[in-house]
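Residue numbers (numbering that gives the first Met the number 0): 0 to 271.
Everything on this sheet refers to the single structure shown next.
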Amino acid sequence: MEKLIITAAICGAEVTKQHNSAVPYTVEEMVREAKSAFEAGAAVIHVHVRTDDGTPTQDRERFRVVLDAIREACPGVILIPSTGGATGMTPEERLQPTELCPEMATLDCGTCNFGDDIFVNDMPTMRAFGKRMLENNIKPEYECFEIGHLDTVLGMAARGEVPGAPMQFNFVLGVNGCTPATVGNLDYLVNKIPAGSTWTATGIGRHCFTLAAAAIGMGGNVRVGFEDNLNLARGVPARSNGELVEKIVRIARELGRDIANPDEAREILSLK
0 MEKLIITAAI
10 CGAEVTKQHN
20 SAVPYTVEEM
30 VREAKSAFEA
40 GAAVIHVHVR
50 TDDGTPTQDR
60 ERFRVVLDAI
70 REACPGVILI
80 PSTGGATGMT
90 PEERLQPTEL
100 CPEMATLDCG
110 TCNFGDDIFV
120 NDMPTMRAFG
130 KRMLENNIKP
140 EYECFEIGHL
150 DTVLGMAARG
160 EVPGAPMQFN
170 FVLGVNGCTP
180 ATVGNLDYLV
190 NKIPAGSTWT
200 ATGIGRHCFT
210 LAAAAIGMGG
220 NVRVGFEDNL
230 NLARGVPARS
240 NGELVEKIVR
250 IARELGRDIA
260 NPDEAREILS
270 LK
C-alpha cells in the first residue's frame, strides 16, 4: 500500500472553546494547533479561520495571514483552505480563499442536512466553485457527505464543470442528518470512484477512529482534528490536534502503514 496521508482539520466552523478549550481562534492558536498536528505526522492541514472571538469567517485577508503563518511554522505542509465556511454564508463569501490561489481547496458536492441546519450547495453554486478552481489551477478535494454527492460530482467532471482526473475525494460520514459512518457505506463509495483517484475518510465524533482504522486497512487516507472530533476516547478530551494525529499514527503502525511526509503526499495527490 502507499503511505498514509494524514489530514488535520484543526478547528472547523462549529466547535468552540466551550466544547474544548484548545480549539483555536486566533492566528497564534491556529499556528500552535497546526504545528502540533504537523509535528505528529500530518502532511495536510485543512483550514477554516475565525475572528479572535471565535466567529467563523471566510475573509480573504484573514486566510492570507493564517495560511502564511502556518507555512512559516510548518515548512512544506500542504494547506487545504475550506470553501464550505459556515452554514448561511453566501457563495461569494465562501469563495474568498480561492482568490489566494492555494494548491488545493475543498469543494462541497451537494446540499445536505447539517444537524438542525441546511448546508446549501446547489448546482449553480457548485458550477461557480468548479469554474473558479479551473481558472486558478486549484486541485479540489471533493467533500462528499452523502452517497449521492459522489454521482453528482462525477457527472460534473465528465461535463468539464469541475476539475477532473486525477480526483481527490473526502468521504465525510456520520454528520447528523447525512450518510452514517459505517464501513459498508465507505466501501460502497470507494468502489465507485474512478481509477487513479485518491480518497480520504473522515468519521465524525465517536466514529472517528473506527472509520479511520477501516480506511487505513483499505489503503485510503485519514482526516482527524477538532473540526470532526474533540476526544481521544470516550470522556477523554484531546489536549491538541497533535494528540489526535498521534493516535492515528499508532493505529497505522499497528496495521502496517507508513506515514507520508508532505513531499510524498504531493506525489500521491498528483500535486507535483
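Every residue gets a Cβ at the ideal spot worked out from N, C-alpha and C, and that includes glycine.
Who are the near neighbours of residue i in its chain, counting only those whose CB is closer than 7 Å to its CB and skipping five residues on each side?
i    : result
T178 : F144, E145, I146, L172 and N184
T56  : V48, R49 and T50
S35  : S239, N240 and G241
V182 : A213
N230 : P236 and A237
In this structure, does DSSP put residue i in helix, strand or coil?
i    : result
G204 : helix
P179 : coil
P261 : helix
T54  : coil
Taking 8 Å as the limit between beta carbons, can you name the residues of its chain near residue i, skipping five residues before and five after?
i    : result
P101 : L66, L78, I79, P80 and I137
G129 : L106, P139, M155, E160, V161 and P162
R70  : V76 and L78
S196 : A164, P165, M166, Q167 and F168
What are the residues that DSSP puts in a beta bridge with residue i?
i    : result
T45  : With the sequence shown as reference, residue 45 is identified as His, and Thr is not the correct amino acid for it. Beta-bridge pairing links H45 to A8 and I79.
A104 : P139
A237 : A237 pairs with nothing; no bridge assigned.
D299 : Only positions 0 to 271 of the chain appear in the structure, and residue 299 is not among them; the question remains open.
N230 : P236
T89  : Beta-bridge pairing links T89 to no other residue.
Within its chain, find whatever has a CB closer than 6 Å to the CB of residue i; leave out the 5 residues flanking it on each side and keep chain order.
i   : result
G75 : P261
K16 : V22
Taking the continuous beta strand (DSSP E) assigned at residue i, which residues delimit it?
i    : result
N112 : C111 to F113
V223 : N220 to V223
Please tell me whether residue i has its Cβ less than 9 Å away from any Cβ of chain B.
i    : result
F128 : Among the chains in the structure shown there is no chain B, since it carries only a single protein chain.
Can you tell me whether residue i is buried or exposed, with buried defined as 16 or more other CB within 10 angstroms of its CB?
i    : result
P23  : buried
E60  : exposed
H148 : buried
M125 : buried
M122 : exposed
What first and last residue would you give for the alpha helix (DSSP H) that runs through residue i?
i    : result
L172 : Premise fails: L172 lies in the beta strand (DSSP E), Q167 to L172, not in any alpha helix (DSSP H).
V161 : Premise fails: V161 is in no alpha helix (DSSP H) and is neither H nor E.
L149 : I146 to A157
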